[in-house]
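Before any comments, here is the structure.
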Amino acid sequence: MMSNENRMTIDGAEVAFQPGETVLEVARRQGAFVPTLCYDERLDPYGSCRLCVVEVEGRRLPASSCTLKAESGMEIRTGSDPIRKMQSTLMEMVLSENPDDECPRCRDIGTCEVHDLAEKLEVGRERFLGAISNASKDDSNPFLLRDYDRCISCYRCVRICDEVEADHAITMTGRGWNKGIATAFDGGLMDSDCTLCGQCIYTCPTGALADKKMVGQGEIPGEVEVTRSVCPYCGTGCSINLHSRDGKMIGVTPVLDGPVNEGALCVKGQFGFDFVNSGDRLTRPLIRKNGELTPVSWDEAFDYTAQKLMSVRADHGPKAFYAIASGRAPGEGSYMLQKFTRAVMNSNQVDNCSRG
Amino acid sequence: MKSQVEVQDPITDRILDEWLEEPAPFLSILHAIQDHYGYLPEPALRRVSQRMDIPISDLYGTVTFYHFFQLEPKAIPDIRVCENSACCLHDLDQLCEEVAGADLGIEHSGKIEKISCPGRCDVPVPLLIGEKFLHGAKPGAIGEAVEATMPLPPETGQQECLFQHIRDGVSDLKVALEKGAWKSPLLAASDPEKLISELKTSGLTGRGGAGFPTGVKWEVVRNENRGPKWIICNADESEVGCFKDRVLMAHTPHALLEGMTCAGLVTGAEVGIIYLRWEYPEILESLQAAIDEATAAGYLGEDACGSGRPFRILIRRGAGAYICGEETSLLNSLEGKHPFPREKPPFPTTHGLFQQPTIVNNVETFCAVPPIVEHGGQWFSDLGLGEQNGMRIFSVSGDIQRPGNYEVPVGTPLRQLLVEFAGGPLPGREIQGVTMAGVSGGLVGAEDLDVRLDPASLDGLGAMLGAGGIVVHDDTRCMIKAARESMHFLKEESCGKCFPCRIGTTRMTEILDELGSGQPVREGIMEEIEDLEEVLGETSACGLGLAAPYITRMLKKYWPDQIQQKLNGSTQASEGADDE
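Residue numbers (this note's numbering), protein chains in the order written: chain A, 1 to 356; chain B, 1001 to 1580.
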């Protein structure tokens, strides 16, 4: 006879679980539709949105499945009529605290979690209308839009800043309906411990936080194309999604299942892509002649460089040469540079800027 | 990072040096800084952040959670006026206008700030200026406002238990000892099993409202092998209409200290903490004096009551937040964390203060322990009427002849409490209804005033006994407004963490405003109330949100006519508008 250890019932089906797993994790693995808004798999369970409530046999009240640890013999029902009705009401309540205009994030970046879930639960912003919660913040930082009119107070931004980034740049202030998100003493992000990593905007399930550069790009015609790639900035190799429209790059989003970064990016990888479309990009070699940078052919550039390098070695010896590989060069390029330094220039002085 | 720049503030450093080795020092440090500067200056908070290793943003956010921590200097204090249940039965607009320009004997700015119930419903309306309270300010008669004294409970002529000695001035250790105080801890030390068994026999349950059996709670903590264990007294009495713990602490502090010491000796905890609400500054002084007296006499300290074991009691002062009366919020508050409630389980008995086994009991619960030890559990149990156990204290206020605290047997009919003991309604008036548990236990209408005051009977009506606050409304009152005021309180005091409570109490308040306004109401408003009740009552994360639907459900049950009248009125109004 099979032991019922680490087995439970979800919607009538007996399933196995790993000790420590939450009911939400087990239920979703089983394919159950359990909506959430305050949940992000990278964060500690929080239990604030209460959308993930499920019925637990033997309990008088539904429980939030994100904070409920799976136990042997537990019997869970996820989608009964009363549960679905409460989820719909909760969703209507959430919609009621935000403005009734077009969500810029949905328009320019991709459907936000709130509006995606509202569609799934088939509810709109029609009932429970009243005061709008929170207030937008004027923030002069170059990258992060902070439009708290659209905030639903799930505190995912605060929690990812604390738990994942350990930057503790933002906090929840006040209490109840009058709570908000702020930096210490309510200053701008640039005056805080914020590193502008952008993690808050990509965990945010609403249009309250967004990439300033991406919002407003909605005017460009054409569909947004998303291309998975690897961040070119350093040797870490973070996975990114490149968003482009009509062949023009409009933004970067982190990839949650990126094996190296698991959804994290730094300020450069997240926001530093202006060079892609910049008119200042070098497209051909230049040699300074009589103080003027003058376009030359590749052959001329190679000959000139080789000649200069050989004369440095002849005149000053191998120790006069030191090579630093760019962190943005691929591994093969870095390999070639150290080979060149050692075999051609006879120097051991070689390094990579990513070594920090 | 900016927060790593070293901040210098010698005064804050001195305060930190003094407190950092003490248990749960967070609130005391902030109060000491605020007492010195008059507010919490930014450099001081940055210094606290660095030395306590709390990120400055988190510290700032936590400070903004409380009503009474100030981030701006204020040379002259404003006048804070209670806006809740018993007080808002008076014309507060007129009162505020009058007091703003009045000479109240204490310098004030003339600015008014409305605050949540400071637990003085028996002497309405309290005014708070700085840390001084004036009691009994009535519109048209603000001259009668007097500096606060804590009134004794009115007498019932019946047998009392916790109140039996308080008319003799027991707050003094000498008098308390004459009445037999401080004997029970020796039994706790010599035969803890016996004490737990007496508690179980007594049927004593948590008097803060949740009603968990005290003996069972103590036994669980006693049986835990981890430590250090903690004994916490929840004296954050913040529910509107509740002021029973205030009277106990004011008039029989040694019973509280003795009860806590029993808990310490039974469980092996060496430190007890009284989490005292900020709004009781007089109690802060008198309670500290009682602790000092008991320590000097050897009842507390390294050899508590001659038991050979240490036990000491500390006071930690809250800073104004109703939710900190919720036990897990209280624990977070003591630890210096954002005072949101924690997920339960685990419960504080196994994972309480600093995740260690912890007893959290209400003031009245601890105070009941010495008489139970003295007379036996059966004696206490027999005090209750019928199947009920023991006595309970009820705070009665509002439209009633003799507002105050009454200790009556559990199971006493509500009508007897209100009419026989509290003197009934004012002349020429009828009682229309009362709020229960303070306000979060809903409302009971006149037709059910014969209900017995025990948890099951109130449950049977769909209301809740809770912490024993009862605010009386007579037949001149609009019960929609009464419900609105109760809901408004919950909205103001919602912590803001869980969605159903944060949004739900706000929308309920707005809806009750709309309903009470006499203006046309939107269609489907009653369905909205029903759906909000369901979500609040089923999915909220703590007792605050879970209790909110009691208010509207009881309003609909007892006063459907008042609602219908408003709905009809609004239909007529809109029809009238159509005709024009």
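C-beta atoms are modelled at their ideal positions from N, C-alpha and C, and glycine is treated no differently. Since we're looking at a predicted model, the values are computed, not measured.
Item	Value
Alpha carbons only, please: which of T1156(B), E1021(B), I1076(B) is nearest the one belonging to K1132(B)?	I1076(B)
Would you report the Cα separation of I109(A) and P142(A), rounded to the nearest angstrom?	18 Å
Quick check on the DSSP output: the beta strand (DSSP E) that includes L1426(B) runs from which residue to which?	That residue, L1426(B), is in no beta strand (DSSP E); it is neither H nor E in DSSP.
According to DSSP, what are the bridge partners of M8(A)?	V15(A)
Within its chain, find whatever has a CB closer than 8 Å to the CB of A32(A); leave out the 5 residues flanking it on each side and keep chain order.	I10, D11, T78, G79
G1119(B) and F1243(B) look like a contact to me (Cβ under 8 Å); what is the Cβ gap, rounded to whole Å?	4 Å
Alpha carbons only, please: which of P1370(B), S1381(B), V1471(B) is nearest the one belonging to L1414(B)?	V1471(B)
Under 8 Å, with one C-beta from each stretch per pair, do the stretch 1405-1412 of chain B and the stretch 1383-1392 of chain B reach the 3-pair mark?	yes
Is the CB-CB distance between G1460(B) and R1484(B) below 8 Å?	no
Quick check on T203(A): does DSSP put it in helix, strand or coil?	helix
Should V15(A) and V23(A) be called a contact, given that it needs their Cβ atoms to be closer than 8 Å?	no
Which residue marks the beginning of the beta strand (DSSP E) containing T183(A), and which one marks its end?	180-183
To test your reading of the DSSP string, which unbroken alpha helix (DSSP H) runs of 4 or more residues are found completely within the stretch 197-263 of chain A?	199-203
What in chain B is Cβ-close to K179(A), meaning under 7 Å?	G1496
Kindly indicate which three-state DSSP category I1015(B) falls into: helix, strand or coil?	helix
To the nearest angstrom, report how far apart T341(A) and D351(A) are at their CA atoms.	10 Å
Give the secondary structure of M1150(B) by DSSP, where H, G and I count as helix, E and B as strand, and everything else as coil.	coil
Would you kindly work out how many angstroms separate the C-alpha atoms of V267(A) and E1279(B), rounded to a whole number?	47 Å
Just by C-beta distance, which residues in the stretch 60-77 of chain A are closer than 7 Å to chain B?	L61, P62, T67
Please tell me whether A70(A) and E21(A) are closer than 8 Å, where the distance is taken between their beta carbons.	yes
Express the C-alpha separation of E41(A) and C1082(B) in angstroms, rounding to a whole number.	44 Å
Beta-carbon of S48(A) versus every beta-carbon of chain B: anything under 8 Å?	yes
Determine the closest residue to P1073(B) out of R1046(B), I1106(B), Q1034(B), with distance taken between C-alpha atoms.	Q1034(B)
Examine chain B for any beta-carbon lying closer than 8 Å to the beta-carbon of H316(A), and answer yes or no.	no
Shorter than 8 Å from the beta carbon of F128(A) to some beta carbon of chain B?	yes
Against chain B, with Cβ distances strictly below 8 Å, would A184(A) count as a contact?	yes
Return the bridge partner residues of P1413(B) from the DSSP annotation.	R1452(B)
What residues match up with N1362(B) in a beta bridge as DSSP calls it?	N1234(B)
Kindly indicate if chain A contains any beta-carbon less than 8 Å away from that of I1291(B).	no
Give, in chain order, every unbroken run of the beta strand (DSSP E) that is at least 3 residues long and sits entirely within the stretch 41-110 of chain A.	53-56, 75-77
Taking the alpha helix (DSSP H) that N346(A) belongs to, which residues open and close that run?	No alpha helix (DSSP H) holds N346(A); DSSP gives it neither H nor E.
Can you say whether Y304(A) is buried or exposed, counting buried as having 16 or more other CB atoms within 10 angstroms of its CB?	exposed
Between the C-alpha atoms of H1338(B) and I1054(B), what's the straight-line distance to the nearest angstrom?	11 Å
Using a cut-off of 8 Å between C-beta atoms, extract the partners of A169(A) located in chain B.	S1057
Buried or exposed, going by whether 16 or more other CB atoms sit within 10 Å of the CB of S140(A)?	exposed
Locate the beta strand (DSSP E) running through R1224(B), then write down its first and last residues.	Here the sequence assigns Glu to residue 1224(B), which means Arg is not the residue at that position. Segment: none, E1224(B) is in no beta strand (DSSP E) and carries neither H nor E.
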